[in-house]
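Notes for the one structure printed next.
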Ligand SMILES: Cc1cc2nc3c(=O)[nH]c(=O)nc-3n(C[C@H](O)[C@H](O)[C@H](O)COP(=O)(O)O)c2cc1C
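In my numbering, the protein residues as written are -9 to 229.
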């Protein structure tokens, strides 16, 4: 999955091609095997829907309805009393985005979470299907140095973070390296419009970060401290 981080891009034009039963089964298996960031089984409700079912879903918030892009399929993510639901929607959703890319499918996160979290059940959607695109990945991102402070021993961690998709490309996730700790924090906290969406973005960034750590065989534990994440890594491993 780590390699898919660099191949994924948001795609907004799709072929009408249907998914085979085999592909659907693989996606469903991936959904069943999802873990929350604290390693517990994922309790979010994540469903594969056709475009028509997605836009007719009564739980969809009206802003998302306005923003849907024409894609043959959607993943719909709903809360189901899940703890840190927005973070985990990003964390688990991005894992699926990367799994879909592995299966040759393109994606685009779609939606406006309620600007102020009123506990709504629907969180966000992910459009997907066979993308109608031949262009290569071109990122609009800040320079790599903008994403971190402190003594970074492995720039691959920051590179993976920088690739993360984010609402309106706002790129809120930043890291601070200190001793054997990486603190992941939201650098766009004052933004009242993107508020909840940026929390989803933080979950997405956390997944990119943990995939990079796994790829580098760095052991870690994650502790949430208010809205920051302290990722403790094993001493000396990421030199
Ligand atoms: C939480 C979230 C919501 C998003 N909502 C939309 C959307 O409603 N419509 C859209 O076209 N793109 C949406 N995007 C995609 C971003 O615009 C995209 O990730 C960003 O521009 C960076 O481009 P890239 O994903 O190709 O790297 C969303 C992304 C995230 C993470």
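The beta carbon of each residue, even a glycine, is placed where N, CA and C say it ideally should be.
For residue i, the first and last residue of its enclosing alpha helix (DSSP H)
i, result
"residue 20", "11 to 22"
"residue 41", "41 to 46"
"residue 168", "Taken as a continuous stretch (DSSP letters only), residue 168 belongs to no alpha helix (DSSP H), being part of the beta strand (DSSP E) at 163 to 168."
"residue 53", "52 to 57"
Residue i - containing beta strand (DSSP E), residue span
i, result
"residue 218", "218 to 223"
"residue 73", "Here residue 73 belongs to no beta strand (DSSP E), and DSSP marks it neither H nor E."
"residue 214", "210 to 215"
"residue 157", "Residue 157 -> no beta strand (DSSP E), and no H or E assigned at all."
"residue 193", "No beta strand (DSSP E) holds residue 193; the alpha helix (DSSP H) holding it covers 185 to 205."
"residue 171", "171 to 176"
"residue 138", "138 to 140"
"residue -5", "Run containing residue -5: none; DSSP gives neither H nor E here."
"residue 98", "96 to 100"
"residue 115", "112 to 119"
CA-to-CA distance, residue j to residue i, given in whole angstroms
i, j, result
"residue 51", "residue 185", "16 Å"
"residue 14", "residue 34", "19 Å"
"residue 4", "residue 70", "30 Å"
"residue 139", "residue 175", "11 Å"
"residue 191", "residue 77", "8 Å"
"residue 217", "residue 80", "14 Å"
"residue 24", "residue 84", "11 Å"
"residue 37", "residue 66", "5 Å"
"residue 115", "residue 30", "22 Å"
"residue 100", "residue 7", "20 Å"
"residue 98", "residue 187", "14 Å"
"residue 170", "residue 152", "21 Å"
"residue 207", "residue 61", "36 Å"
"residue 226", "residue 199", "Confidence in residue 226 is poor, its pLDDT being 49 and thus under 50, which makes the residue's placement unreliable; the coordinate value appears in the next sentence. Going from the Cα of residue 226 to the Cα of residue 199 covers about 18 Å."
"residue 132", "residue 93", "29 Å"
"residue 1", "residue 41", "15 Å"
"residue 173", "residue 214", "10 Å"
"residue 130", "residue 21", "30 Å"
"residue 204", "residue 223", "11 Å"
"residue 179", "residue 11", "42 Å"
"residue 304", "residue 189", "No answer is possible for residue 304: it lies beyond the span of the chain, which begins at -9 and ends at 229."
"residue 64", "residue 44", "7 Å"
C-beta contact flag for residue i and residue j at 8 Å
i, j, result
"residue 68", "residue 113", "yes"
"residue 53", "residue 150", "no"
"residue 183", "residue 27", "no"
"residue 210", "residue 221", "yes"
"residue 123", "residue 96", "yes"
"residue 136", "residue -8", "no"
"residue 90", "residue 17", "yes"
"residue 127", "residue -3", "yes"
"residue 57", "residue 102", "yes"
Query raised in the report: Does the segment 187 to 196 come close enough to the segment 149 to 161 that 3 or more CB-CB pairs lie under 8 Å?
Result: yes
**Report entry** Three CB pairs or more closer than 8 Å across the segment 118 to 126 and the segment 145 to 153
**Finding:** no
Requested in this report: Determine, using beta-carbon pairs with one atom in the segment 33 to 49 and one in the segment 160 to 170, whether at least three such pairs fall under 8 Å.
Outcome: They do not touch, by the three-pair rule.
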